[in-house]
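Structure first, then comments.
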Amino acid sequence: VNYRVFCEPNANAHMLQDKIFILKGKVMHYAWGGYDFIPSWLGIKNEEQQPFAEYWMGAHPLAGAVIETGDGEVLLDKLIKEDPYKTLGIKTVTAYDDQLPYLFKVQDVKEMLSIQVHPSKKEAEKGFAAEEAAGIPRDAPNRNYRDKNHKPEVMVALSEFWLLHGFLVREKIGPLLSSIPEFAGLATIFETEDYKGLYSHVMHLSQQETDKLLMPLVQREIAAKKEGKLTKADAGWWVAKLFEGHENISNIDRGVFSIYFFNIVKVNPGEGVYQGAGIPHAYLEGQAMELMANSDNVLRGGLTVKHVDIPELLKHTIFEGITPNIMTGLHSHTGEIIFPCPVMDFGLSKIDLSDGKVIEERSSSLEMVAVMEGELTITGTTVKILQKGQVAVIFSGEPYTLSTTSHTLAYKAFVP
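Start counting the sequence shown at 56; every next residue gets the next number (the working numbering).
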């Protein structure tokens, strides 16, 4: 028995008689973000011309969302803690210790993100315990494990979207290494020491060795891009984008090697890619919905000013060639399109509705619905009409319908 539910006064009990609310997320102004997409979606002006990189919808301590109630705005996390069973549902409470297990985002990637890998849950628990025992503050810049959770994530493109995802298969990486003069020596290493030997070698090069190897290659790629000889499907296009416009090129980041070694993936609107533990990846360009486990554990491999821990990165990277799985989604019995992910922390669906069609649902967890285009009516014990740029939160155990008088595109996050 959870005596807290019966014995503690709930200051917001009258609020929770309703189960559908408007949610307001938080904008994250990371330097790699675009300037127009998210402000346009939210219907606001970017008068200060700040980068709008992400819009967070969740209960993360760094940027918790609020919900609109009759008594004003209340932190979602506060309501969850006050009544976890009514907000999250018994299955989520039991599995995730009264916490919302996912973080939902709208992203606008203008500049390349860092090369990164996420640990498995077991390894995150071990890494977190080790750093706690070592006395490393959780907000220290050299901290790798800020929590005990894994960080799988799925993205679904809202525009043409480009990313790096996993190592090239052997049939592609071998010829690539042989075709680039600067990589001649690396081809031999790959033949004898495979993926791990190759990647470990380049990531341990000194800065002088890195510059000597990559400088002529970078300059050649910049010239090729200017001459129109490259497309976004070429590694050189992204390398040139990193450096073009810089008068003096020096201290070249080792992350450049990853751009050549990894799959360059183009994802069309409505398609998705799942990033599991150990898969090296980086977002390159475009707008997307992203849904991830509620964690901040990132092991970086370059193209960033943040902490890079090469031994820890190599420890958790999957060293094998893969063919990226681009998901188009599966049609569910309700009419939603589900993007299946091999984790229980989160689920993601696409809602594409036209006038006359209705989706009938019952929430078994805390769900969020973000309207990307059009207008959406959510009818349950209360009725909420959402416009483009608005988000609804639906607490557990609520039967509801989704409908529109025009055409609506929305995305829903939930716990499977």
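Using N, Cα and C, we set each Cβ at its ideal position, and we do this for glycine too.
Beta-bridge partners of residue i, as assigned by DSSP
i: V472; result: Nothing can be reported for residue 472: it is not among the residues displayed for the chain, which extend from 56 to 471.
i: S409; result: H462
i: Q162; result: E109, A343
i: A195; result: According to DSSP, A195 bridges with nothing at all.
i: R417; result: P454
i: K439; result: I433
i: T124; result: G127
i: V424; result: A447, K467
i: E208; result: Q330, M347
i: Q472; result: Missing from the structure shown is residue 472; the chain here goes from 56 to 471 and no further.
i: M382; result: G327
i: S95; result: Per DSSP, none; premise fails for S95.
Of the residues the options, the one placed nearest residue i, counting alpha carbons only
i: A447; options: M399, F298, K467; result: K467
i: S409; options: T432, D202, F394; result: T432
i: H173; options: N204, L158, D194; result: N204
i: V82; options: G113, A150, E248; result: G113
i: E276; options: Q262, I377, A295; result: A295
i: D289; options: F317, Q263, T265, S305; result: F317
i: F48; options: Y338, A212, V311; result: Residue 48 is absent from the model: the chain starts at 56 and stops at 471.
i: F469; options: Y455, K100, A189, F450; result: F450
i: G333; options: A150, G125, M382, E178; result: E178
i: L354; options: T456, W96, P230, N197; result: N197
i: K181; options: N101, T372, N199; result: N199
i: I381; options: H371, C396, F374, E415; result: C396
i: D153; options: P139, V164, K160, K146; result: P139
i: T147; options: S214, L464, S418; result: S418
i: E360; options: W87, K74, F76; result: Residue identity check: residue 360 is Val in the sequence provided, not Glu. Here the closest residue by C-alpha is W87.
i: G125; options: F76, A188, M399, W292; result: F76
i: I319; options: N306, S305, E340, N303; result: E340
i: S255; options: P471, G310, T142; result: G310
i: Q262; options: D364, E102, S305; result: S305
i: M258; options: K321, D364, K141, S214; result: D364
i: G80; options: V398, G444, P471; result: G444
i: S169; options: H362, T286, P366; result: H362
i: L216; options: G356, T463, V438, Y338; result: Correcting the residue type first, residue 216 is Phe in the shown sequence and not Leu. F216 has its Cα closest to that of Y338, out of G356, T463, V438, Y338.
i: E367; options: E246, Y151, G356; result: G356
i: E123; options: K439, T463, D202; result: K439
Whole-number beta carbon distance between residue j and residue i, since they are thought to touch under 8 Å
i: M427; j: Y157; result: Incorrect: roughly 18 Å between the Cβ atoms, too far for contact.
i: H336; j: Q171; result: 7 Å
i: K405; j: I392; result: 4 Å
i: S420; j: G144; result: 5 Å
i: A343; j: Q162; result: 5 Å
i: L476; j: D308; result: The question about residue 476 has no answer, for the chain in this structure spans 56 to 471.
i: M210; j: E345; result: 5 Å
i: L117; j: M423; result: That pair is no contact at about 17 Å.
Pairwise C-alpha distance: residue j and residue i
i: K267; j: S461; result: 59 Å
i: Y315; j: L218; result: 12 Å
i: Y110; j: G429; result: 19 Å
i: Y90; j: F107; result: 6 Å
i: G127; j: G390; result: 34 Å
i: E453; j: T378; result: 40 Å
i: Q72; j: A120; result: 20 Å
i: I244; j: L253; result: 6 Å
i: G402; j: E208; result: 10 Å
i: A184; j: I191; result: 11 Å
i: L232; j: R225; result: 11 Å
i: G229; j: F222; result: 12 Å
i: T383; j: Y329; result: 12 Å
i: H371; j: G435; result: 45 Å
i: L134; j: D407; result: 30 Å
i: A188; j: D132; result: 28 Å
i: I414; j: T459; result: 10 Å
i: A195; j: E186; result: 11 Å
i: E248; j: Y85; result: 38 Å
i: L385; j: A465; result: 16 Å
i: F312; j: S175; result: 24 Å
i: I99; j: Q442; result: 13 Å
i: P115; j: L130; result: The amino acid at residue 115 is misidentified as Pro; the sequence shows His. Going by the C-alpha atoms only, they are around 10 Å apart.
i: T456; j: K74; result: 13 Å
i: F159; j: D400; result: 12 Å
i: F92; j: K141; result: 35 Å
i: K36; j: L241; result: This structure gives no information on residue 36, because the portion of the chain shown stretches from 56 to 471.
i: N303; j: K165; result: 23 Å
i: L285; j: W96; result: 32 Å
Any non-hydrogen atom of the ligand MN within 8 Å of residue i CB
i: V82; result: This structure lacks the ligand MN, and indeed carries no ligand of any kind.
Residue-chain proximity (residue i, chain D), Cβ-Cβ < 9 Å
i: I449; result: You won't find chain D in this structure, because it holds only one protein chain.
(message) Counting beta carbon pairs with one atom in the segment 233-253 and one in the segment 262-281, are three or more of them shorter than 8 Å?
(response) Judged by Cβ distances under 8 Å, the segment 262-281 makes contact with the segment 233-253, as three or more pairs qualify.
(message) Tell me whether the segment 273-287 and the segment 296-308 touch, counting them as touching only if at least three CB pairs, one residue from each stretch, are closer than 8 Å.
(response) Taking a contact to require three or more Cβ pairs closer than 8 Å, the segment 273-287 and the segment 296-308 qualify as touching.
(message) I want to know whether the segment 350-370 touches the segment 320-331 - three or more CB-CB distances under 8 Å.
(response) These segments do not touch.
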